[in-house]
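Colleague: Residues in the sequence shown are numbered consecutively from -3, following this note's numbering.
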Amino acid sequence: MELRQLRYFLAVAEERNLTRAADAVGIRPTSLSQQIIALERDLGTALFVRGSAGMTPTRAGARLAEHARAVLDSARRARESVREQRTPRVAVTPGAPPWSASALWRGIAEPTLEFLDMQTAEQLPALREGSLDMGILLLPTDLSGLDHVVIAEAELGVLVAAGHRLAERNAVRWADLDGSALLWFARSAAPGYHDAIRESWTRAGWQPAAIRASAPRRALFVAELAHGGDVVALRPAWDVRPGDGLVWLPFVEDSPSIRYALAWNPADPAAARRLRMVADLVRAERPHASAVLPRGQRHPASASLGSDRVAPR
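Put into structure tokens, the structure is as follows:
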């Protein structure tokens, strides 16, 4: 029996409704139902009476609920005690705005702050379980059970090598990309963002000639654009850096956007207040002038520094 199972069980026992309980713990109702069935199988007894009115704890379920509250409360107090002593842990998804990590470091003001390189989908369970204090992640995503502040939003444009057939344009239409392959990423990294951008290019009437799996490391990503033939990526303007040999082109119309949020678990009220202040600081410090050039201008190499990993594209 795991703490996670007890937390799921207690949510159902208190809500007496699978859908509401699933919303409370941040998982799908079908997954929650499977967890409850597995727990009943492990204990060898029914924990709920299931009916049209919802789920009512059995006598065994009511007894387990008492123990579960005590165990989870003890675990919470132990976790909070340890958190006071441990190094704050902050995750940043690959390709996050170059200024965001520095602003976070200044805002938290902890010399031993630990930064982790984690995809959006990896951050969510860690934030909910308390093993991660804050995370910079891609939207849209399922943030149930978490607080968040949007810290950056920018239009996506087309990133190509300087020698690409489109590189001399000032701007592009989706139709200009016909015949081009797209450097793209695995849906498992950020499902919500992945689906939203695919819907954007489908609505615009474009389909890539091929979709190529993109390397997570920036050096390989740049090499793929430079030597991969007629290949493009969809990225914000800040992804151009000195010496990359890349050109960023805005869309004339129907440009999709990328949004990043700073997310945290509000379960600890004192920590949540401090983290919200940090989030406001990060949002306030974002540069406004350099995020995206006016429409119709090619983006020169910028001096922004960031991770050597690139975001899902």
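For every residue, glycine included, the Cβ atom is placed at its ideal position computed from N, Cα and C.
1) Whose CA, out of Ala105, Ser127, Gly103, lies closest to the CA of Leu112?
2) Using C-beta distances below 7 Å, list every residue in its chain close to Ala222, excluding the 5 sequence neighbours before and after it, in chain order.
3) Give the C-beta separation of Trp260 and Leu123 to the nearest angstrom, bearing in mind that I take them to be a contact with Cβ-Cβ under 8 Å.
4) Give the C-beta separation of Ala192 and Pro246 to the nearest angstrom, bearing in mind that I take them to be a contact with Cβ-Cβ under 8 Å.
5) Can you list, in chain order, the residues of its chain with a C-beta nearer than 6 Å to that of Gly292? Leave out the 5 residues immediately preceding and following it.
6) Where Pro53 and Leu216 are concerned, what is the direct C-alpha to C-alpha distance, given to the nearest angstrom?
7) Can you grab the Cα-Cα spacing for the pair Asp174 / Trp202, in whole Å?
8) Which residue wins for smallest C-alpha separation from Ser251, given the options Ala229, Ala205, Trp197?
9) Among the candidates Ala105, Pro204, Leu142, Glu149, whose CA atom is the shortest distance from the CA of Trp170?
10) With a Cβ-Cβ cutoff of 8 Å, do Leu28 and Glu36 count as a contact?
11) Return the CA-CA distance between Gly47 and Arg12, expressed in angstroms with no decimal places.
12) Could you pull the start and end residues of the alpha helix (DSSP H) that Trp260 belongs to?
13) Give me, in chain order, the residues of the same chain whose beta-carbon lies closer than 7 Å to that of Ala285; leave out the 5 immediate sequence neighbours on both sides.
14) Quick check on the burial criterion: 16 or more other C-beta atoms within 10 angstroms. Buried or exposed for Gly91?
15) Provide the residue span of the beta strand (DSSP E) that contains Glu151, from first to last.
16) Just list the beta strand (DSSP E) runs in the stretch 30 to 109, keeping only unbroken ones of 3 residues or longer that don't cross its boundaries, in chain order.
17) With H, G and I counted as helix, E and B as strand and the rest as coil, what does DSSP make of Gly188?
18) For the beta strand (DSSP E) containing Val248, name the first residue and the last one.
19) Quick check on Phe5: does DSSP put it in helix, strand or coil?
20) Can you give me the start and stop residues for the alpha helix (DSSP H) that Ala334 sits inside?
21) By Cβ distance below 7 Å, which residues in the same chain neighbour Ala17 in space, the five residues on each side in sequence not counted?
22) Considering only C-alpha positions, which residue in the set Arg237, Ile207, Leu133, Val236 is nearest to Gly188?
23) Spatial neighbours of Ala287 within its chain, please: C-beta separation below 6 Å, excluding the five flanking residues on both sides.
24) Kindly indicate which three-state DSSP category Ala208 falls into: helix, strand or coil?
25) Please state whether the Cβ-Cβ distance between Thr83 and Leu109 is less than 8 Å.
26) Let's see if you can read the secondary structure: which residues bound the beta strand (DSSP E) around Ala177?
27) My understanding is that Ile207 touches Pro232, with C-beta atoms under 8 Å, so please give their C-beta distance in whole angstroms.
28) Within 10 Å of its beta-carbon, does His160 have 16 or more other beta-carbons around it, so buried, or fewer, so exposed?
Modeller: Walking through what the data contain:
1) Scanning Ala105, Ser127, Gly103 for the CA closest to the CA of Leu112 turns up Ser127.
2) Within the same chain, Ala222 has close Cβ partners Ala157, Gly241.
3) Between the beta-carbon of Trp260 and that of Leu123 there is about 7 Å, and that keeps the pair under the 8 Å contact cut.
4) Rounded to whole angstroms, the Cβ separation of Ala192 and Pro246 is 19 Å, and the two are not in contact under 8 Å.
5) For Gly292, the pLDDT reaches just 36, beneath the cut-off of 50, and the residue's location in the model is therefore unreliable, although a value from the coordinates is still provided. Asn166, Ala167.
6) Cα to Cα, the separation comes out at about 55 Å.
7) Asp174 and Trp202 have their C-alpha atoms some 7 Å from each other.
8) The residue with the shortest Cα to Cα distance from Ser251 is Trp197.
9) Put simply, of Ala105, Pro204, Leu142, Glu149 the residue whose alpha carbon is nearest the alpha carbon of Trp170 is Pro204.
10) No, they are not a contact pair.
11) Each residue's Cα considered, the two are about 10 Å apart.
12) Residue range 253 to 260 is occupied by the beta strand (DSSP E) that includes Trp260, with no alpha helix (DSSP H) assigned at that position.
13) Any answer about Ala285 is weak, because its pLDDT of 37 lies below 50 and its placement is not dependable; what the coordinates show is given next. Excluding five sequence positions before and after Ala285, none of the CB atoms of its chain fall closer than 7 Å to its own CB.
14) Around the Cβ of Gly91, a 10 Å sphere holds 16 or more other Cβ atoms; the residue is buried.
15) Where Glu151 is concerned, the enclosing beta strand (DSSP E) stretches over 143 to 151.
16) For the stretch 30 to 109, whole beta strand (DSSP E) runs of length 3 or above, ordered along the chain, are 44 to 47, 50 to 53, 85 to 88.
17) In the displayed model, Gly188 falls within a helix according to three-state DSSP.
18) Note, Val248: premise wrong, no beta strand (DSSP E); not H, not E.
19) The DSSP-derived three-state label of Phe5 is helix.
20) Here the chain covers residues -3 to 309 and nothing more, so residue 334 does not appear.
21) If we look at Ala17 and ignore the five residues flanking it on each side, its Cβ neighbours are Ala7, Val8, Glu11, Leu28.
22) Among Arg237, Ile207, Leu133, Val236, the Cα nearest to that of Gly188 is on Leu133.
23) Low per-residue confidence applies at Ala287: pLDDT is 39, beneath 50, and the placement is therefore not dependable, though the value from the model is reported in the following sentence. Excluding residues within five positions, the ones whose Cβ falls inside 6 Å are Ala150.
24) It should be noted that the sequence gives Arg, not Ala, for residue 208. Residue state, collapsed to three classes: strand.
25) Taking 8 Å as the Cβ cut-off, Thr83 and Leu109 qualify as a contacting pair.
26) If you look at Ala177, you'll find it in the beta strand (DSSP E) that goes 177 to 180.
27) Not confirmed; about 20 Å, so no contact.
28) Its Cβ being crowded by 16 or more others within 10 Å, His160 is buried.
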